[in-house]
Amino acid sequence: MQRIFLSILLCIAVLNNCSAQLTDSTASQPDTTGRWYAGNPMPKMKFRPVAFIAPVVLMGYGFAAVYDHGALKQLDVSTKDELQEDHPLFAAHVDDYLQLAPAAAVYALNLSGVKGKHNLFDASMLYVTSAAIMGVSTHFVKQGVGRLRPDNSGTNSFPSGHTASAFMAAEFLHQEYKDVNPWIGYAGYFVATATGTLRMYNNKHWFSDVVAGAGFGIASTKIAYLIYPYMKSLFTTKKEGNFTLMPFHQQCSTGLMLSGKF
């Protein structure tokens, strides 16, 4: 059973990488250095539905399993029973740190001289944006679904936040280094898959929680890469004009007054 869900998640990673190659083939290219710098406008990526096939399939499976009373539910239960039967005392919490490894790899590679797609400032902002999207979306879904964890420790099992975080970071690593070495992206997905697997070994999540978490994580980073150029342009667009900022004082009020020509 372990080999089955590992194979499923790794196959999804391959599908996601393949779809990304198809959608990025016509995208704008960076400058001759291969990077987008803070002073240069970032290219605005076009929304391409094919890029979201993999995460939508993963999330769809998870939601279907939550409300299913047949084969999908049985797969969750049988996977949990098998893991607990084979490893009843398993309690390794390396998954708390492993989820961050793909993102840490982006910084390690940059600092070692292997530059990614963006400079560290933009890369950091992309990661923060991805984390915000992932955190908000998984929080509200957890609260709305209220699924009981396998160990009965809470009702916030679906989707797996650790897995979402790990796959968000893996997609971040993939986006930054797919043009440098596509195998780096595969390494990130392998680490993310290991994180999801450990969540099940620790009896904190059902199989479908982990599958859906992978979908939430991948989708969050893809959305961040779509919207961040627009967000950045709001703060970097410069308008010509003459402005004067001066203090003023009137009866019972004091403040600053901005005047000029827009």
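Reading the sequence shown from the start, the letters are residues -20 to -1, 1 to 242 in mature numbering (1 follows the signal peptide of the UniProt record, and there is no 0). For glycine and all other residues, C-beta sits at the position ideal for the given N, C-alpha and C. Just so we're clear, the structure is a prediction, and the values are computed from it rather than from any experiment.
Task: Start-to-end residues for the alpha helix (DSSP H) that takes in H73 - done: As a first step, residue 73 must be located in the sequence shown, where it is residue number 93. Unbroken run through H73: none, as it is neither H nor E.
TODO: Would you mind sorting T118 into buried or exposed? The rule is 16 or more other CB atoms within 10 Å of its CB.
DONE: Position 138 of the sequence shown, counted from the first residue, corresponds to residue 118. Buried is the call here.
Task: Check whether P139 and D76 have beta carbons under 9 Å apart - done: Here residue 139 is taken as the residue at index 159 of the sequence shown, counted from 1. Here residue 76 is taken as the residue at index 96 of the sequence shown, counted from 1. The answer is no: Cβ separation not under 9 Å.
Open item on the list: Measuring only the C-alpha atoms, how far is A81 from Q54?
Closed with: Sequence index remark: in the sequence shown, residue 81 carries index 101 (1-based). Sequence index remark: in the sequence shown, residue 54 carries index 74 (1-based). Straight-line Cα distance between these residues: approximately 32 Å.
- [ ] Return yes when the Cβ of A111 is within less than 9 Å of the Cβ of L90, no when it is not.
- [x] As a position in the sequence shown, residue 90 is number 110, starting the count at 1. As a position in the sequence shown, residue 111 is number 131, starting the count at 1. The amino acid at residue 90 is misidentified as Leu; the sequence shows Asn. In this structure, N90 sits away from A111, with a CB-CB distance that is not shorter than 9 Å.
- [ ] Rounded to whole angstroms, what's the CA-CA distance from R129 to A146? Just pull it up for me.
- [x] Translated into positions along the sequence shown, residue 129 becomes position 149. Translated into positions along the sequence shown, residue 146 becomes position 166. A straight line joining the alpha-carbon of R129 with that of A146 spans about 19 Å.
Task: F187 vs A45 beta-carbon contact at 9 Å - done: Walking along the sequence shown from the start, residue 187 turns up at place 207. Walking along the sequence shown from the start, residue 45 turns up at place 65. Contact annotation: F187 and A45 have beta-carbon atoms nearer than 9 Å.
Task: Where H154 falls: helix, strand or coil (DSSP) - done: The residue given as residue 154 occupies position 174 in the sequence shown. Three-state result, H154: helix.
Task: C-alpha gap between W163 and K97, whole angstroms - done: Walking along the sequence shown from the start, residue 163 turns up at place 183. Walking along the sequence shown from the start, residue 97 turns up at place 117. Looking at the two C-alpha atoms, the distance is approximately 15 Å.
Open item on the list: If I follow the unbroken alpha helix (DSSP H) through residue 243, where does it start and stop?
Closed with: Absent from the structure is residue 243, since the part of the chain shown begins at -20 and ends at 242.
- [ ] Report buried or exposed for P35, applying the criterion of at least 16 other Cβ atoms within 10 angstroms of its Cβ.
- [x] Locating residue 35 in the sequence shown gives position 55, counting from the first residue. That one is buried.
TODO: State the start and end residues of the unbroken alpha helix (DSSP H) segment that holds F215.
DONE: Numbered from its first residue, the sequence shown carries residue 215 at position 235. From DSSP, the alpha helix (DSSP H) with F215 extends over 187 to 216.
Task: Where the alpha helix (DSSP H) through Q79 begins and ends - done: Taking the sequence shown and counting its residues from 1, the one referred to as residue 79 is at position 99. Note, Q79: premise wrong, no alpha helix (DSSP H); not H, not E.
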